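Written out below as structure tokens is the structure these notes cover.
Structure follows, in structure tokens:
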């Protein structure tokens, strides 16, 4: 049985905003010292220090910093992960620079050794010897396997959040579903006998509204002096509005992808085959409006959300070449390009929704199955609403509530 990870995001109490900020600043000191130390030695001696050497130095240098030793090590590991990425990328691009920023604030990490789930369900986050730990009351079950907790600052909302990562086991499944991503229908999925379409009307209206308001703000800003009080006020208003619209779009994407993954789970799906759309923006050139829609198409975000949520449940996600999938008849195999939402084969008379045909053919491409024989049920449509729920209970058998508890 395979182990999978899932991260839960919970807001920290506003009452402890100052304390969270202080912890973030302490973590920033440790990370910045790591960066400056490695760069200084490399600049003077042309030698890259090893991760183990830096950990030993930081453990001595940061003795009086009230953070857990594993937290300090995690900050060093974060820098060396970035450094390894630089070494790998610099093989093909010599113009890259190694990690050099020394942030004043950064995320605080507690590894599993510094996290303990108490009998009453509270999380105990250790701050090192001699320092009072932090207690977070939750309703987590006793058997949950917590791997790490990370304190993250959201600049746009000006809030701190706890990201709690847990591991759990999932049972393997074998059924396959094909997925066609689109603009009108963000997700269209099909098995061998049924299909579901997610309506993108609300999301596309949000994108159009964002374009309209952004144009209005840019027009007003172009008439103001950069840096003036009125200019700064307009910039703040623009950020607030765009942030609100972005949250609405994010809500739609999360509700749709969660509902879809739950639908897959209810059918016992083991593999999701998604049409590969990489490079589509470089291959097409239509009218200005169509090009704008394609360039604002959120297919990458949708596929990433599906992949994250599905893999957390043990469902494999693969990407399949989707060329001609919406033009090929799944019954007789003949190609016919349609200009309407319905696909109608001129050879055998088969008729079905165009996006559902694409999803079915993506599934067939992945599995190597033969042509469809028999009738197919009409696709089921899913409309967005603010109370849209997953059709089955998935990975959250509990509802954690995170609040700080003052320690004596």
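Residue numbers (our numbering): 65 to 472. Ideal Cβ positions, reconstructed from N, Cα and C, are used throughout, including at glycine. Owing to the predicted nature of the structure, the values given are computational and were not obtained by experimental measurement.
Residue from the options with nearest C-alpha to residue i
{"i": "residue 341", "options": "389, 299 and 130", "result": "389"}
{"i": "residue 167", "options": "91, 337 and 364", "result": "91"}
{"i": "residue 419", "options": "255, 137, 278 and 83", "result": "255"}
{"i": "residue 395", "options": "407, 402, 192 and 403", "result": "407"}
{"i": "residue 114", "options": "126, 96, 211 and 143", "result": "143"}
{"i": "residue 296", "options": "260, 281 and 272", "result": "281"}
{"i": "residue 241", "options": "208, 445, 78 and 422", "result": "422"}
{"i": "residue 360", "options": "274, 195, 112 and 219", "result": "274"}
{"i": "residue 203", "options": "186, 191 and 177", "result": "186"}
{"i": "residue 277", "options": "257, 299 and 110", "result": "299"}
{"i": "residue 335", "options": "428, 129 and 221", "result": "428"}
{"i": "residue 134", "options": "264, 191, 352 and 156", "result": "191"}
{"i": "residue 398", "options": "367, 386, 435 and 365", "result": "435"}
For residue j and residue i, the rounded distance between their alpha carbons
{"i": "residue 270", "j": "residue 377", "result": "30 angstroms"}
{"i": "residue 400", "j": "residue 301", "result": "49 angstroms"}
{"i": "residue 118", "j": "residue 102", "result": "8 angstroms"}
{"i": "residue 473", "j": "residue 85", "result": "Since the first residue of the chain shown is 65 and the last is 472, residue 473 is not available in this structure."}
{"i": "residue 372", "j": "residue 251", "result": "16 angstroms"}
{"i": "residue 369", "j": "residue 450", "result": "18 angstroms"}
{"i": "residue 313", "j": "residue 384", "result": "26 angstroms"}
{"i": "residue 201", "j": "residue 189", "result": "11 angstroms"}
{"i": "residue 292", "j": "residue 216", "result": "32 angstroms"}
Backbone secondary structure at residue i - three-state DSSP
{"i": "residue 227", "result": "strand"}
{"i": "residue 416", "result": "strand"}
{"i": "residue 266", "result": "helix"}
{"i": "residue 375", "result": "helix"}
{"i": "residue 381", "result": "strand"}
{"i": "residue 422", "result": "helix"}
{"i": "residue 352", "result": "helix"}
{"i": "residue 68", "result": "strand"}
{"i": "residue 275", "result": "helix"}
{"i": "residue 505", "result": "Residue 505 falls outside the range modelled here, since the chain spans only 65 to 472, and no answer is possible."}
{"i": "residue 448", "result": "coil"}
{"i": "residue 33", "result": "No answer is possible for residue 33: the residues shown for the chain start at 65 and end at 472."}
{"i": "residue 138", "result": "helix"}
Buried or exposed (CB count within 10 angstroms, at least 16 for buried), residue i
{"i": "residue 321", "result": "buried"}
{"i": "residue 363", "result": "buried"}
{"i": "residue 244", "result": "buried"}
{"i": "residue 447", "result": "exposed"}
{"i": "residue 414", "result": "buried"}
{"i": "residue 454", "result": "buried"}
{"i": "residue 272", "result": "exposed"}
Contact test: residue i Cβ vs the ligand PLP heavy atom, cutoff 7 angstroms
{"i": "residue 434", "result": "Absence of the ligand PLP is noted for the structure shown, with no ligands found whatsoever."}
Do the segment 180 to 187 and the segment 120 to 128 touch if we need at least three Cβ pairs shorter than 8 angstroms? no
Check whether the segment 325 to 344 touches the segment 378 to 385, taking contact to mean three or more Cβ pairs, one atom from each stretch, closer than 8 angstroms. yes
Three Cβ pairs or more, each shorter than 8 angstroms: is that satisfied between the segment 96 to 111 and the segment 128 to 145? yes
Taking 8 angstroms as the cut-off, does the segment 220 to 230 touch the segment 66 to 79 (at least 3 CB pairs, one atom from each stretch)? yes
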